[in-house]
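Asks: Before anything else, here's the structure in question.
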Amino acid sequence: MIGTRFLAAIIAAAVVSTTASVSAFAPSPLSKHLRRHVPATSLRLADVENPLDGMSDERKSNLFQSLLRDLQIEGVPLLGCDADQVSTLNAAIWTTMAELGDNDEEQRACLVLEKIPISALIAFAEDFTVLKTQARLMDYLPELRRYSVSVLGKGLGPALLLETVARSDEEKTTAASLKAVETTFDRDKTVAALKSFIGRVVVGMEACPYTKSVDISAVGLEQRGVTPGPVGYRYSPTTDACMAMSMFWNCICEMMSEPDANLSSIMLSLPGIGMGGSQEAHNRFAAVVEVVGRYLCLFRGDGSFGLVHFHPAYDRSTVHPIQKPAYGHLPPTTWLRPMLKMAGQGDKAGELSDDDLALSDYQRRAPHTAINILRMSQVNAAAGPKSIVDLDLGDGTTEKASGITLYTRNTLRMAKMGKDALQSALDADIAMQN
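The number in our numbering is simply the position in the sequence shown, starting from 1, with 20 added.
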C-alpha cells in the first residue's frame, strides 16, 4: 500500500502555488544532444494503431470509469492528484514509484491526473518504456527493471498505471544492504563538506564568477535583471534512483514556488548515489543524472532550469556522449585545447599535456554526488547574448560552444594548481563527511 508520508508528499507537490510553469505540456524530444542517442524503437505507443480513434468522448469516459472500478475491486490504490504542471506531474510520478519500489513484493498503483493532457502521460510512458531498452543506462539503474508504466486503457482517460514485480532473494539482500548504508550518512556533515568544496573551488577559485559566498548566488547580475538570492541546500541519503528523481522534482517545485530573492538556486546532495571513487560508482552517478536531465528535457524544462553535476571521481572523458555536449556536464575533454586557442591561449594549448587538461575535472569533483539547480534566467544573464560561438575542433569540424572564457580560465587554474594539491584538498572535503 502507498505510505501516508509519500501520499502527503504527492499532494503537497501537486498543490504548490506556481507563478510560472516549467513549460507547456507539449512533449519535446529530450534535447538535440540526448535525442540522437535514443534509438528508434517499435515500442513507441504512437506508432501503434490507436483503437480509440473514432470513439465518442462519452464512450471513452464510461470505459475509463469502468477500468477504475475494476482496479478498485482488485485492491489497487487510486491516487487522485491535482498536478497541473510538468514539475508536479513528475514529482507525483517519481514519488509514487519510489514508494512502490520500497516494498519487496509486487505492487500496483494508479495515479489519476485529471488536469494533465493525456498526450503528456503517453509521452512519459513511452519514454520510460524506451529507457528500459537502453542497456548502457539500465546496467547502472537495475532498480528500474522492476517497474512498468502505462497509460490506463491506452489513453481512455488521464491515469497512469504504475507497477512493480517482486524482488528476487538476491535483490532483497541488495536492497536491505543499501537501506543500511543510508543510515550511515549525516546530513550536517554532508552539507558542510559540500559547502567546503563550494567555498574552495566555486568561490575561492572563481569557478563561477557570480557566486561570491557559499550562501548567496547570482551576485553581480543585477544590471542584467537578475536578483541575488540564497542558495538552498537540500539533502537525501537515498541510494535509490526513483527517490533521487523524487527529490529532484520536489526541488523544482520548490524553486517554482519561490521568487529569486527567496531562493536563487538549490544544491541537492545525494551522497548515496554513486558512492565512492570507483569507475562503477561514477557510471552509476552518470546514469542517474542523465535520467534527471532526460526527464527535465522531456517537456522542455531545460528552458527554465539549468543543471550542474558533481561527483568525487568526476571524469568527463567517460560521460556519454563523450565527444558531444552532455546536459549538466563540462564540455568534452577533447574540446578544451580548441577552447584555449579560441580564447587566445595558443601557447598554453601547446604546452599543456592531456593530463594537465584533464585536471579541469576537479571543478566538478565534490565530496559526493550533488546537483546544482539553476534558473535559466541567471544562466542566460551570466553568459551574455553572444556566448554561443562556432568552435573549430581542428579536425575539419566545428561545434556550437559557449562559456569559452570561463572554461579556459578554470582549465588553466586547475592545471596551475596541480593534481597533488587538488586531490589533497578534495580528500580533506571528503573526510569532513565521514
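The beta-carbon is built from N, C-alpha and C at its ideal position, and this holds for glycine as well.
#1: Helix or strand or just coil, what does DSSP make of C262?
#2: Look up F325 in the DSSP assignment and say whether it is helix, strand or coil.
#3: Check whether the stretch 118-134 touches the stretch 95-102, counting contact only when three or more Cβ pairs, one atom from each stretch, lie closer than 8 Å.
#4: Between the beta-carbon of T465 and the beta-carbon of L377, is there less than 8 Å?
#5: How many Å lie between P387 and L327 at the Cα?
#6: For the stretch 213-221 against the stretch 229-245, are there 3 or more C-beta pairs whose distance is under 8 Å?
#7: Find out if the Cβ-Cβ distance for the pair Y167, V211 is shorter than 8 Å.
#8: Put R385 into one of helix, strand or coil per three-state DSSP.
#9: Between D367 and G438, what straight-line distance do the alpha-carbon atoms span, to the nearest angstrom?
#10: Check whether the Cβ atoms of I267 and L288 lie closer than 8 Å to each other.
#11: Pull up the CB-CB distance for L372 and A435, whole angstroms please, since I reckon it's below 8 Å.
#12: Assess contact between the stretch 327-336 and the stretch 404-420, defined as three or more Cβ pairs (one per stretch) separated by less than 8 Å. Is contact present?
#13: Would L120 and T184 qualify as a contact pair, given that the criterion is a beta-carbon distance under 8 Å?
#14: Secondary structure at E226, three-state DSSP: helix, strand or coil?
#15: Taking 8 Å as the limit between beta carbons, can you name the residues of its chain near M396, skipping five residues before and five after?
#16: Taking the alpha helix (DSSP H) that R357 falls in, what are its first and last residues?
#17: Which residues in the same chain have their Cβ closer than 8 Å to the Cβ of V201, if we skip the five residues on either side of it in sequence?
#18: Going by C-alpha distance, which of I272, D280, M225 and C228 is nearest T247?
#19: Does DSSP put D410 in a helix, a strand or coil?
#20: If you measure between the beta carbons of E310 and L164, is that distance less than 8 Å?
#21: In whole angstroms, what is the alpha-carbon distance linking L141 and S188?
#22: Starting from the Cα of M265, find the closest Cα among A227, V96 and R314 and give me that residue.
#23: With distances taken Cα to Cα, identify the nearest neighbour of K344 among L290, E125, A421 and Y382.
#24: Sort M362, Y160 and V171 by Cα distance to N303 and report the nearest one.
#25: Helix, strand or coil: which one does DSSP assign to N430?
#26: Here's the rule: buried if 16 or more other CB atoms are within 10 angstroms of the residue's CB, otherwise exposed. What is A192?
#27: From the DSSP output, read off the bridge partner residues of T457.
#28: How would you call Q85, buried or exposed, if buried means at least 16 neighbouring beta carbons within 10 angstroms?
#29: How should M275 be labelled, buried or exposed, when 16 other C-beta atoms within 10 angstroms of its C-beta is the threshold for buried?
#30: Secondary structure at K439, three-state DSSP: helix, strand or coil?
#31: From which residue to which residue does the beta strand (DSSP E) around R156 run?
#32: Between which two residues does the beta strand (DSSP E) harbouring R304 extend?
#33: By the 10 Å Cβ neighbour count, where 16 or more other Cβ atoms means buried, how is I461 classified, buried or exposed?
#34: Return the bridge partner residues of M287 from the DSSP annotation.
Replies: On the basis of the coordinates in this document:
#1: helix
#2: strand
#3: yes
#4: The structure shown has nothing for residue 465, since the chain only spans 21 to 454.
#5: 18 Å
#6: yes
#7: no
#8: coil
#9: 18 Å
#10: Note that residue 267 corresponds to Met in the displayed sequence, not to Ile. For M267 and L288, yes; Cβs fall inside 8 Å.
#11: 6 Å
#12: no
#13: yes
#14: coil
#15: D322, G323, S324, F325 and G326
#16: L356 to M362
#17: T259, G292 and M295
#18: D280
#19: strand
#20: no
#21: 30 Å
#22: R314
#23: A421
#24: Y160
#25: helix
#26: The sequence as given places Lys at residue 192; Ala does not occur at that position. K192 is exposed by the Cβ-count criterion.
#27: Outside the shown range of the chain (21 to 454) lies residue 457, about which nothing can therefore be said.
#28: exposed
#29: buried
#30: helix
#31: Taken as a continuous stretch (DSSP letters only), R156 belongs to no beta strand (DSSP E), being part of the alpha helix (DSSP H) at A155 to M158.
#32: No beta strand (DSSP E) contains R304, which is instead part of the alpha helix (DSSP H) from Q299 to L318.
#33: Because the chain spans 21 through 454 in this model, residue 461 falls outside it and cannot be assessed.
#34: Y253 and N392
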